[in-house]
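Protein chains: 2
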Amino acid sequence: MFPKLDPILHSELRLAVISLLAGVESADFTYIKQQTGATAGNLSVQIDKLSAAGYITVEKGFKGKMPCTTCSLTPEGLEAFRNYIDALKEYISH
Amino acid sequence: MFPKLDPILHSELRLAVISLLAGVESADFTYIKQQTGATAGNLSVQIDKLSAAGYITVEKGFKGKMPCTTCSLTPEGLEAFRNYIDALKEYISH
DNA sequence: ATAAACAAGTTTATATTATAAACCAAATTT
DNA sequence: AAATTTGGTTTATAATATAAACTTGTTTAT
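Just so you know, the sequences run in chain order A and B. The number in our numbering is simply the position in the first sequence, starting from 1, with 1 added. The number in our numbering is simply the position in the second sequence, starting from 1, with 1 added.
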């Protein structure tokens, strides 16, 4: 009746990150931080978890001389996001 | 951009309880436990939190000789549920 | 009548999670 | 060259979720 909600996605900040990434090719740390309003520490941790789950890829490079961490959604991440939305609907739409 | 998700409702079990109660006049502990598949201990704690938040009312009585705890959604609970759904949509529908 | 098993929860202990504070290295500004 | 800013990471703490253990009373079996 109530399907299990993927605990990786059932987190306000991680969900926001995935939601953001679902709409774009990729996004860098600073942009995600700004868009979500998260603190850097929290975002760093949550990005690690999403990455460890295989839901996003993280590439570390430089923009000019400044370090720049770029994230993008993996196909598994997108599928997990869709599954999560479907599961949620069981909770919110009856 | 990403609205805050009410932490009282952003919990798998509490959300299931509210979702269940949103569809009925009232429901008792045992029924909620069975429908959600929760353990009694977990359900007891989460019902307390929902009650403390004013989202549900809890009435303790007897069904025959057996104790029976009956829960129902308050108007505030229903409104919080609706707000939560609206907030969620900002995360899942773009 | 008494012991064993069951029902309906509650309390408490533990594991997990979320979050911010403190920190670090390099770059930029003054 | 000192101070500040950028772009993060690590670590410590607070909050949450969850199950295990317990309680109170009831029903069933002996």
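Heads up, the beta-carbon is just placed ideally off N, CA and C, and yes, glycines get one too.
Can you name the start and end residues of the beta strand (DSSP E) that residue i belongs to?
i	result
Pro68/A	67 to 74
From which residue to which residue does the alpha helix (DSSP H) around residue i run?
i	result
Ile57/B	Premise fails: Ile57/B lies in the beta strand (DSSP E), 57 to 64, not in any alpha helix (DSSP H).
Gly1/A	Residue 1/A lies beyond the range of chain A shown here (2 to 95); nothing can be said about it.
Leu14/B	13 to 23
Is the shortest distance between the beta-carbon of residue i and the beta-carbons of chain A less than 9 angstroms?
i	result
Ser20/B	yes
Ile9/B	no
Ala17/B	yes
Glu13/B	yes
Should residue i be flagged as near chain B, meaning a C-beta pair shorter than 9 angstroms?
i	result
Ile86/A	yes
For residue i, which residues in the same chain have their Cβ closer than 6 angstroms to its Cβ, ignoring the five residues on either side in sequence?
i	result
Ser27/B	Thr71, Ser73
Ala54/A	Ile9
Ala88/B	Pro4, Leu6
Glu60/B	Thr71
Would you list the residues sitting across from residue i in a DSSP beta bridge?
i	result
Ala28/B	Cys72/B
Could you name the residues of the same chain whose beta carbon sits closer than 8 angstroms to that of residue i, not counting the 5 residues immediately before and after it, in chain order?
i	result
Ile57/B	Val18, Ile19, Leu22, Ile48, Leu51, Cys72, Ser73, Leu74, Thr75, Gly78
Asn84/A	Asp7
Leu14/A	Thr37, Ala39, Asn43, Leu44, Gln47
Leaving aside the five residues before and after residue i along the sequence, list all residues of the same chain whose C-beta is less than 7 angstroms from its C-beta, in chain order.
i	result
Phe82/A	Leu10, Ile19, Ala23
Phe63/A	Cys69
Glu91/A	Phe3, Pro4
Lys34/B	Ala41, Leu44
Short of 7 angstroms Cβ to Cβ, which residues in the region 29 to 45 of chain B face chain A? Gln36, Thr37
Determine which residues of the region 45 to 78 of chain A have a Cβ less than 9 angstroms from any Cβ of chain B, and write them out in chain order. none
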